[in-house]
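Before any comments, here is the structure.
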């Protein structure tokens with residue numbers, strides 16, 4: 042297994058591993074493997090796979106859509122999504138999103154680190170920032186969408202929509218609104234989307250990263266691999 | 042309404058409010074009020090209450106017990122507990138807890154700030170750090186305990202215990218284990234406690250703060266004020 046220059050730098054330059062050292066590796070497709078350093082160089086090297094220690098698994102076919110917030114809290118959303126088990130992360134700019142940019146490469150690297158930290162063998166793809174209106178205009182027929190409407194907080198119908206109407210597994214997405222809530226235009230569009238199911242997350246206003254974990258918990262328990 | 046020296050310093054020294062300025066205040070017992078600065082001094086002052094803007098509410102009679110982790114993540118647990126709605130926070134030292142100390146005053150201040158941030162009118166008490174074994178030895182008869190057992194992760198029985206056995210409202214506590222899991226002695230004690238119900242939080246290992254939000258979501262949806 043040849044190593045990229047970046048991986049060789051990390052393993053031999055930063056971590057100071059030498060020939061014969063053993064480590065755990067995963068590539069997102071073949072589970073986790075015990076491996077041994079066969080060759081260690083400044084610009085490359087090779088690993089010898091020994092035995093698979095964790096079989097490959099995939100999280101459910103679930104996307105998490107979220108409006109970027111402040112840097113540390115956006116990082117947190119990415120980290121939590123990896124732990125909770127999502128297949129893909131879609132940052133979306135909404136009418137009330139303050140932060141108009143993301144560093145996709147940084148968030149992708151953060152997702153990989155989060156997977157390493159929590160022993161996951163799968164790293165969700167982090168998409169580039171898209172406009173929510175554009176994503177909804179082109180929404181796939183077969184993918185259901187659970188959106189969390191802050192304006193419905195205070196009502197006592199937690200997840201009434203999702204639980205009453207939605208059925209079985211299949212492709213899903215969970216959409217967490219921006220901290221300022223959705224605009225009226227967005228709300229109209231969402232409530233009009235046949236694939237959409239509204240969820241409310243209790244009587245208190247939650248921060249975006251809290252709402253992400255709470256919504257993913259409800260989804261995983263009801264439709265995902267926690268069931 | 043007379044102000045403490047600390048509050049006067051914050052309002053008049055830091056925030057630079059003057060006589061006649063209007064603000065929102067809460068004391069944890071009377072909801073949120075619009076108020077006006079009647080007198081502003083260096084060491085004190087008074088506020089004149091105008092009208093109640095939010096009635097007082099209490100979260101359900103739920104304690105969150107957690108083993109302190111690194112500072113930023115412990116702060117996060119406190120913040121999330123306030124958003125999710127708990128009545129009391131109990132930091133507990135377990136056999137595998139690394140951090141043997143907490144700054145109770147700092148965590149209590151953090152809980153107050155979190156309440157201000159999320160518009161809550163209630164601030165949970167943060168207790169001093171206790172030994173988990175001592176807390177369990179003296180566990181109240183009427184308070185049920187949902188504990189999250191990492192060792193049961195990977196099994197597919199998410200919350201089976203809690204959902205199947207437990208009934209209705211009443212006093213509860215949710216216990217999040219330390220990142221290294223419970224010791225065998227603790228696990229034996231917990232499984233032997235008649236008030237205890239085991240919950241599992243999906244097939245992936247969650248960090249403590251993620252587990253706290255996920256467990257509180259399940260509890261609130263099943264037994265609390267999200268139902």
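Residue numbers (my numbering), protein chains in the order written: chain A, 42 to 268; chain B, 42 to 268. Glycine included, C-beta positions come from ideal geometry on N, C-alpha and C.
Where DSSP assigns a beta bridge to residue 217/B, which residues make up the other side? 107/B, 189/B
Out of 247/B, 174/B, 101/B, which one is the CA nearest neighbour of residue 123/B? 101/B
Check this for me: beta carbons of residue 220/B and residue 248/B, under 8 Å apart or not? yes
In chain A, which residues lie with their C-beta within 7 Å of the C-beta of residue 245/B? 124, 126, 159, 161
So for residue 83/A, helix, strand or coil by DSSP? coil
Considering only DSSP beta bridges, list what residue 171/A is partnered with. 133/A
Identify every residue that forms a DSSP beta bridge with residue 66/A. 74/A
Contact belief for residue 30/B with residue 130/A at Cβ below 8 Å, rounded distance in angstroms: Outside the modelled stretch of chain B, which goes from 42 to 268, sits residue 30/B, for which no answer is possible.
Is the Cβ of residue 96/A closer than 8 Å to any Cβ of chain B? no
Should residue 264/A be labelled buried (16 or more other beta-carbon atoms within 10 Å of its own) or exposed? buried
Terminal residues of the continuous alpha helix (DSSP H) containing residue 50/B? Careful: residue 50/B lies outside any alpha helix (DSSP H) and carries neither H nor E.
Please name the residue in 84/B, 188/B, 159/B, 234/B whose C-alpha comes closest to that of residue 181/B. 234/B
Among the candidates 173/B, 148/B, 44/B, whose CA atom is the shortest distance from the CA of residue 114/B? 148/B
Return the CA-CA distance between residue 108/A and residue 225/B, expressed in angstroms with no decimal places. 42 Å
Express the C-alpha separation of residue 116/A and residue 187/A in angstroms, rounding to a whole number. 22 Å
Can you look up residue 92/A in the DSSP assignment and give me helix, strand or coil? strand
When the Cβ atoms of the segment 64-79 of chain B are set against those of the segment 160-173 of chain B, are three or more pairs found closer than 8 Å? yes
Among 73/A, 96/A, 94/A, 59/A, which residue has its Cα nearest to the Cα of residue 79/A? 59/A
I'd like to confirm the pairing. Which residues does DSSP put opposite residue 237/A in its beta bridges? 186/A
Excluding five sequence neighbours on each side, which residues of the same chain lie with their C-beta closer than 7 Å to the C-beta of residue 61/B? 77, 78
Identify the contact partners of residue 93/A in chain B, using a Cβ-Cβ distance below 9 Å as the criterion. Those within 9 Å of residue 93/A in chain B number zero; the least Cβ separation is about 17 Å.
Does any residue of chain B bring its CB to less than 8 Å from the CB of residue 121/A? yes
Assuming residue 214/B and residue 170/B form a contact by the criterion Cβ under 8 Å, report the distance between their Cβ atoms to the nearest whole angstrom. Wrong, their Cβ atoms sit about 16 Å apart, outside the cutoff.
Length of the line joining the Cα atoms of residue 239/B and residue 176/A: 40 Å
Looking at the C-beta of residue 266/B, does it have a partner C-beta in chain A at a distance below 8 Å? yes
For residue 248/A, return the contacting residues in chain B, with the cut-off set at a CB-CB distance below 9 Å. 120, 121, 124, 158, 159
Going by the beta-carbon positions, is the gap between residue 95/A and residue 120/A smaller than 8 Å? no
Between 126/A, 136/A, 87/A, which has its C-alpha nearest residue 166/A's C-alpha? 126/A
Just to make sure I have the definition right: I need the residues of chain B whose C-beta is within less than 7 Å of the C-beta of residue 255/A. Which are they? 254, 258
Check the Cβ of residue 293/B against every Cβ in chain A and list those closer than 7 Å, keeping chain order. Absent from the model: residue 293/B. The displayed extent of chain B is 42 to 268, so no value can be given.
Rounded to the nearest angstrom, what separates residue 98/A and residue 91/B at their Cα positions? 59 Å
Who are the neighbours of residue 115/B on chain A, taking C-beta pairs under 8 Å? Chain A residues near residue 115/B: none, gap ~15 Å exceeds 8 Å.
Can you tell me the Cα-Cα spacing of residue 230/A and residue 153/B, whole angstroms? 37 Å
For residue 242/B, report the span of its alpha helix (DSSP H) as first-last. First-last for residue 242/B: undefined, no H or E at that position.
Output yes if chain A places a C-beta closer than 8 Å to the C-beta of residue 251/B; else output no. yes
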